[in-house]
Every structure is written in C-alpha cells, then in structure tokens.
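S.K.: Sending over a structure as structure tokens; questions will come in a sec.
Residue numbers (the UniProt record's numbering): 1 to 435.
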C-alpha cells in the first residue's frame, strides 16, 4: 500500500475561504499562521504552503472585497514560522517573472539554513501587465515567453546554489579561516532573459537546494514541471482526471530522463467533516452558501459576461444577453476561457437543473471534494492514492486559522491506524518527508 502525503494550504485570498463565519480569524496576524502551521506539524504533514499575491485584484474598477484583508510577504512569514516550528516543510509561491534569480536563490538558501533544511519553492509564472504595473519592468513579458523565462530563471538559480563546493566552509578557528575562496565558483550566465556574472553570498542550505514545486496545468507548465519539479500542485479534483494528469506528468518525467517516482502529485483538496453523512452534507451546503453570497455570485458571473449585471437578481435566472467579450472588467484573476462558450455551458446546465444565478455559481465553482465522516474521507483519500490519481493532497480548509483542526484530530489517526500514513517524522528535511 502506498503511503499518503499531506500538506496544508494557508486559506488566503480566494473563493474557498469564508470570512463571514464567526469562527474566521485574521489573514495577517502572525498567530493565524502559527496555529495552522503547528496544527499541520502536529498532523505530521509534509509541508505548510503559502501562496503569493503581488497585486490586489480589482473588479469593475474597485478592489475585490476579499483582497482587502491583505497579502503578507511570503518569505517574511515563512522565515518567522521557521522559528516556531521544528519539522514541517515551509513552502512558498514565488514568481519568476517579476523577480531575479540571484535574489530568489539567496532568499531560499537563507530560508533553508534558518529552517534546517525545510524550504520549498512553488514556481509560478506570469505575463499579467496588470500585476506587472507594480514593478519597474511592468508587463514586459509576452505570454508565450513566460516559461522560457522560468526555464532560464531556474537554471541561473541552480548555478548560485551549486557554486559553493561542499568543503568551501572550513572550521579552522585557530587560523581564523572560515571559507576557502578557491572553493567558490563565479556564476556566469548569458541568455535572452538574464546576463549574470556574480557570486552566491552564502553556501547552499542543508538540502543543497529547496524542494521545487510547480503549479501550472498548461502544456508548457506540465513540460516545465516534468523537467524541474519535485512535486506538482494541481487543481484536478476527480479521480479520473487525477489519473490522467498523474500519468501524463510521470510519463513526461520519464521522457525527460527522470525517475517518474521522483516527482509527487498534490491536488488541492477541500473537506467537510460530519458525525454522519447527512450532517456532513448539510454542513457542506451551508459552507458553499457562505462562500458564494448573492453579490459574489453576480461578480463571478460578470467575469464571464464582461458586463455590469448588478440589476439581475442572484436568485433569478441567468442573463438573457450575450457576453460582451470585455475581459478587462476583472483584473488580476485567471480567465474562464471563451466567454461565449462558457455562457452557453452555463445556460445549458442552469436549464437542465433549474438553477438560479447563485445556485449555478455554487455548482460550477464547488471544490468540496471530500464530504462525509472521518472514516469515509480516509477511505476516499486512500482510494485516490492507491488508484494513482495522486500521491497526496494539499488541504485547503475554509476557515483561518482553525479549519484544519478537526481533520488532524479525526482523519489522521484513522490513516495511521490503517498503516497509510506516518506516525512520526523520520527525517529532518522537507525532501526527507517527500521520499
């Protein structure tokens, strides 16, 4: 039986997080990060995962409501968590478009040293000029070039991590020699994106380099991840979709000359626990209606229609007008695809199931993958892993910071009793946890 891997996603600025619940806590107070990270560590999770937001989203010319709770700097939070946790991996999303390889390599090497080898980098790309407006370079990168830059970025970062020989740091205190300069190579690189000649300011961390994750489902993203990533972060939720994705990624890794078992697949997963099946289902419905209020449903439909739909009743039928094709109504969000085709699918589903606007949005955005008792959720997660639909899950609770508590208290012990999950950490580093 394959072992199940688990990670925890801090419930940040997204459509999963519920802020209206009385039990919801702060997005930016350090205690929130500490509680979730320590809960995940108590549950022996592989890593704590923190997303990155480089600009607040806007909708119809105003900041999107959920974003005003704030988006703290990823490295700052992870470095602070290194001091209040002991074993759990600390993984952050850092963009390759608006950063520089030397800086990111140094930051992750620093985090790896501070955490005794627990650093992980979730590599993402962007060609979004809206986000880029926060940076000196602006929206300089063509969409087709985003992975070309990422490829070169990682190549240069690796050169910095590899530039200090393992024996470069000496311990001859009597002679006052701590580093042998002859054992440090100058990093030289000349390419379309970067022209670098420099030197790393510290040796690589205990892992040699951070664990590399990749979150990208395009063909370019999959190819990039198959070449470079230690783990893939995906949104595929169903068992069949997960099997296709996992087979594709591991097949690409093998074609790239890698051992396919060296790359792990982690889909994002939500869960709703109840004492009975009925109680879990009722709780799940309540959570979904908290996540999608009437105004939220209208706003999400406006992203597809490209129009002001505020005059429509969220509990009424879908608009009878066609999408405008305007994609600028929302800035800083992933696009839904061809608006006309999406609207057609929405209308067909609403008509077939007699759904209002709000009911439709709830249906098409539902991410409640595991709903049931602790035993049922343990069974279903194991089914996915044993069926090669994934290697584990990045759990995304709907509440900050206590949303993971019940899972760790109820589901983890069952997985352990069944021999499907570790009962203690057997290694010190994040790479140890993954293999």
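Glycine included, each C-beta is placed from N, C-alpha and C at the ideal position.
What number of angstroms, rounded off, separates the C-alpha of residue 201 from the C-alpha of residue 111?
M.R.: For residue 201 and residue 111, the distance between alpha carbons rounds to 14 Å.
S.K.: In three-state terms, what does DSSP make of residue 155?
M.R.: Here residue 155 sits in helix by DSSP.
S.K.: Can you tell me which of the three DSSP states residue 108 falls into?
M.R.: Residue state, collapsed to three classes: helix.
S.K.: For residue 114, which residues in the same chain have their Cβ closer than 8 Å to its Cβ, ignoring the five residues on either side in sequence?
M.R.: Excluding sequence neighbours, residue 114 sits near 79, 82, 83.
S.K.: Which same chain residues end up closer than 7 Å to residue 249 when comparing Cβ atoms and leaving out the 5 residues on each side of it in sequence?
M.R.: Once the five neighbours on either side are set aside, the close Cβ partners of residue 249 are 222, 225, 226, 232, 263, 265.
S.K.: Is residue 267 near residue 242, with beta carbons less than 8 Å apart?
M.R.: Taking 8 Å as the Cβ cut-off, residue 267 and residue 242 qualify as a contacting pair.
S.K.: Where does the unbroken alpha helix (DSSP H) through residue 78 begin, and where does it stop?
M.R.: Looking at the DSSP string, the run of the alpha helix (DSSP H) that includes residue 78 is 74-82.
S.K.: Cutting at 7 Å between CB atoms, please list the residues of its own chain near residue 255, excluding the five before and the five after it.
M.R.: Excluding sequence neighbours, residue 255 sits near nothing in its chain.
S.K.: Between the alpha carbons of residue 244 and residue 430, how many angstroms are there, rounded?
M.R.: Distance between the alpha carbons of residue 244 and residue 430 is about 27 Å.
S.K.: Out of 422, 400, 428, 405, which one is the CA nearest neighbour of residue 33?
M.R.: Among 422, 400, 428, 405, the Cα nearest to that of residue 33 is on 400.
S.K.: Provide the residue span of the alpha helix (DSSP H) that contains residue 18, from first to last.
M.R.: Note, residue 18: premise wrong, no alpha helix (DSSP H); not H, not E.
S.K.: Applying the criterion that 16 or more other CB atoms from any shown protein chain within 10 Å of the CB defines a buried residue, is residue 300 buried or exposed?
M.R.: Under this definition residue 300 is a buried residue.
S.K.: Tell me, please, whether the region 305-323 touches the region 355-367 by the rule of three or more beta-carbon pairs shorter than 8 Å.
M.R.: Yes, since at least three Cβ pairs between the region 305-323 and the region 355-367 fall closer than 8 Å, the two stretches touch.
S.K.: Output needed for residue 387: all residues of its chain with C-beta closer than 7 Å, excluding positions within five of it in sequence on either side, in chain order.
M.R.: So the qualifying residues of the chain are 239, 243.
S.K.: Tell me the DSSP bridge mates of residue 47?
M.R.: Answer is 7, 89, bridged to residue 47.
S.K.: What are the boundary residues of the alpha helix (DSSP H) that residue 250 is part of?
M.R.: Where residue 250 is concerned, the enclosing alpha helix (DSSP H) stretches over 239-255.
S.K.: Starting from the C-beta of residue 159, find all residues in its chain whose C-beta is less than 7 Å away, skip the five residues before and the five after it, and write them out in chain order.
M.R.: Correct list, in chain order: 187, 189.
S.K.: For residue 154, which option in 143, 191, 90 has the closest C-alpha, if you only look at C-alpha atoms?
M.R.: Nearest option by C-alpha distance: 191.
S.K.: Taking residue 203 as part of the alpha helix (DSSP H), name the residues at either end of that continuous run.
M.R.: First-last for residue 203: undefined, no H or E at that position.
S.K.: Between the beta-carbon of residue 119 and the beta-carbon of residue 141, is there less than 8 Å?
M.R.: Contact: no.
S.K.: Which full runs of the beta strand (DSSP E) of 3+ residues lie inside the region 305-387, going along the chain?
M.R.: List check, beta strand (DSSP E) in window: 370-372.
S.K.: If you drop the 5 nearest sequence neighbours on each side, which residues of the same chain put their C-beta closer than 7 Å to that of residue 39?
M.R.: These residues qualify, in order along the chain: 404, 405, 408.
S.K.: Where does residue 60 sit, in a helix, a strand or coil, going by DSSP?
M.R.: Note: residue 60 maps to coil in three-state DSSP.
S.K.: Between the Cα of residue 31 and the Cα atoms of 423, 432, 402, which residue gives the shortest distance?
M.R.: Here the closest residue by C-alpha is 402.
S.K.: Buried or exposed for residue 3, going by 16 or more other Cβ atoms inside 10 Å?
M.R.: Burial call: exposed.
S.K.: Per DSSP, which one or two residues make a beta bridge with residue 392?
M.R.: Beta-bridge pairing links residue 392 to 5.
S.K.: Starting from residue 413, follow the alpha helix (DSSP H) in both directions and report where the run begins and ends.
M.R.: From DSSP, the alpha helix (DSSP H) with residue 413 extends over 412-417.
S.K.: Buried or exposed for residue 151, please, with buried defined as at least 16 other CB atoms from any protein chain shown within 10 angstroms of its CB.
M.R.: Answer is buried; the Cβ neighbour count reaches 16.
S.K.: Report yes if the CB atom of residue 331 is closer than 8 Å to the CB atom of residue 18, and no otherwise.
M.R.: No; because the gap between Cβ atoms is not below 8 Å, this pair is not in contact.
S.K.: Between which two residues does the alpha helix (DSSP H) harbouring residue 53 extend?
M.R.: Element bounds for residue 53: n/a, residue is neither H nor E.
S.K.: Using the Cα positions of residue 183 and residue 59, report the straight-line distance between them to the nearest angstrom.
M.R.: Taking the straight line joining both Cα atoms gives about 53 Å.
S.K.: If we call anything under 8 Å between Cβ atoms a contact, is residue 7 one with residue 394?
M.R.: Taking 8 Å as the Cβ cut-off, residue 7 and residue 394 qualify as a contacting pair.
S.K.: According to DSSP, is residue 260 helix, strand or coil?
M.R.: In the structure shown, residue 260 sits in a helix (DSSP, three-state: H, G or I).
S.K.: Go ahead and pull the three-state DSSP assignment for residue 32.
M.R.: Of the three classes helix, strand and coil, the one that applies to residue 32 here is helix, per DSSP.
S.K.: Taking Cβ to Cβ, would you say residue 203 is nearer than 8 Å to residue 168?
M.R.: Taking 8 Å as the Cβ cut-off, residue 203 and residue 168 qualify as a contacting pair.
S.K.: Could you name the residues of the same chain whose beta carbon sits closer than 6 Å to that of residue 12, not counting the 5 residues immediately before and after it, in chain order?
M.R.: Answer for residue 12: 51, listed in chain order.
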